[in-house]
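Per my numbering, residue 248 is the first one in the sequence shown, and the count goes up by one each step. To start, the structure under review is shown below, and the notes come after it.
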Amino acid sequence: MKKVVRVILALMLAALIIGVIYLKFLLPDVGNAPNLKVEINPQMVERGKYLAYHVTVCMDCHSTRDWSRFSGPPIAGSDGKGGEYFSRNMGFPGDFYSKNLTPFHLKDWTDGDIYRAITSGVSKDGSSLFPVMPYIYYGKLAKEDVYAIIAFLRTLPEINNTPPARSLDFPVNLLINTMPQEAHPTTIPARSDTLAYGAYLTNAAGCAECHTPARNGQIIKGKEFTGGRAFQMPSLTVYSANITPDTETGIGAWTPEEFVARFKAYTLPGGIPDATQNNSPQTVMPWTMYGGMDSTDLVAIYTYLSSLQPVKNHVDHFVFNKKG
């Protein structure tokens, strides 16, 4: 009997060792960085800038945000320097810092290295990125849009900044290599096909990532767009809005014009409220950046969201911490 127990324990230990080796050394398995050279021309750079600031909002997480103002608009001159902090207190399984996207950090990266990181979640050194970087969505972008973003990043002024290394909690430190996914690029739908074009932009903007409840930093499947994801901030907890077309708890009663105006309000002079007073609302939603999106693109997103199944889910957006 003892011999049988020893054999079983030995087999269990061997399986554990093999599993750890597989997770740590054989994954991620998304292939090598592609061999490509992105053409840098004014049209590509302009498209990439538009995407990086107003659609995929790379410059939101990879710049320094001014949290004294509502929605934390990026501080001028910090574009791409990295260092934005995603902490355990915000519900993530560890502490994460956005990377420097300026040539200070990326000068030794090939265009293929950057493409693989954006679309598959694997860094130049082969390490896996945690999907707070929404590569799951970016992997569905059209190649030309990713190329445009790369072209734009190559034009950023170099900023000397090295953000801290991340810290991963168990078991995510073992499982993180299972998270990167092979890219599945699509094509950009015609703007005239408003529904399909809106679906493309909604994915590019990562709307589902924040507007879906999450567990251990990852969204809960089947709850997409229903809102209620919690973001812990210094003085309050912010819960994302239900953006399904439910008429009572979502955006079903909104007109396209009202939807666009909600974003554009934060691009007007004086449109960004001060957030330093007691009980001032605050949010991680980068309104000022999405507000720079073309109105036609915003209407397309509205059209797509309006096509979703309505889900009744009331959300209290701002819950202030109790004092004392």
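Built from N, CA and C at the ideal position, the CB exists for glycine as well.
So, under 8 Å CB-CB, residue 603 and residue 477 are touching, yes? Tell me the CB distance rounded to an integer number of Å. With the chain covering only 248 through 571, there is no way to say anything about residue 603.
Using a Cβ-Cβ cutoff of less than 6 Å, which residues in the same chain neighbour residue 559 once the five nearest sequence positions on both sides are dropped? 493 and 496
Just mark residue 448 as buried or exposed, buried being the case when its beta carbon has 16 or more other beta carbons within 10 Å. buried
Out of 366, 303 and 565, state which residue places its alpha-carbon closest to the alpha-carbon of residue 526. 565
When you compare the stretch 279-295 with the stretch 388-402, are there three or more beta-carbon pairs, one atom per stretch, that lie closer than 8 Å? yes
Just to confirm, are residue 364 and residue 445 a CB contact at a threshold of 8 Å? no
Inter-residue spacing [alpha-carbon to alpha-carbon] between residue 512 and residue 518: 6 Å
Helix, strand or coil, according to DSSP, for residue 269 in the structure here? Low per-residue confidence applies at residue 269: pLDDT is 47, beneath 50, and the placement is therefore not dependable, though the value from the model is reported in the following sentence. Residue state, collapsed to three classes: helix.
Beta strand (DSSP E) runs contained entirely in the stretch 299-368, provided each spans 3 or more residues: 341-344
Return the residue from the list 410, 408, 435 and 311 that minimises the CA-CA distance to residue 389. 435
Could you give the distance in angstroms between the alpha-carbon of residue 281 and the alpha-carbon of residue 514? 38 Å
Span of the alpha helix (DSSP H), counted from its first residue to its last, around residue 442: 441-451
Just to confirm the assignment, what range does the alpha helix (DSSP H) spanning residue 510 have? 503-511
Every unbroken alpha helix (DSSP H) within the stretch 375-453, with a cutoff of 4 residues, ordered by chain: 382-385, 390-400, 419-422 and 441-451
On the DSSP letters alone, give me the boundaries of the alpha helix (DSSP H) that residue 484 sits inside. Taken as a continuous stretch (DSSP letters only), residue 484 belongs to no alpha helix (DSSP H), being part of the beta strand (DSSP E) at 483-486.
Local Cβ density within 10 Å of residue 404, reported as buried at 16 or more and exposed below that: exposed
With H, G and I counted as helix, E and B as strand and the rest as coil, what does DSSP make of residue 461? strand
Would you decide whether residue 395 is buried or exposed? Buried here means 16 or more other CB atoms lie within 10 Å of its CB. buried
With a Cβ-Cβ cutoff of 8 Å, do residue 510 and residue 540 count as a contact? yes
Counting only the same chain and skipping the five closest in sequence on each side, list residues whose C-beta sits under 7 Å from that of residue 554. 442
Out of 362, 336 and 348, which one is the CA nearest neighbour of residue 306? 348
Inter-stretch contact at 8 Å, needing at least 3 Cβ pairs: the stretch 408-415 / the stretch 454-474: no
Kindly indicate which three-state DSSP category residue 571 falls into: helix, strand or coil? Low confidence applies here, because residue 571 scores a pLDDT of 49, under 50, leaving its location unreliable; read the following figure in that light. Coil at residue 571, not helix or strand.
Could you check the C-alpha separation between residue 320 and residue 536 for me, to the nearest Å? 7 Å
Would you mind working out which of 343, 328, 327 and 383 sits nearest residue 334, comparing C-alpha positions? 343
Going by DSSP, which residues form a beta bridge with residue 562? Answer is none; residue 562 lacks a bridge partner.
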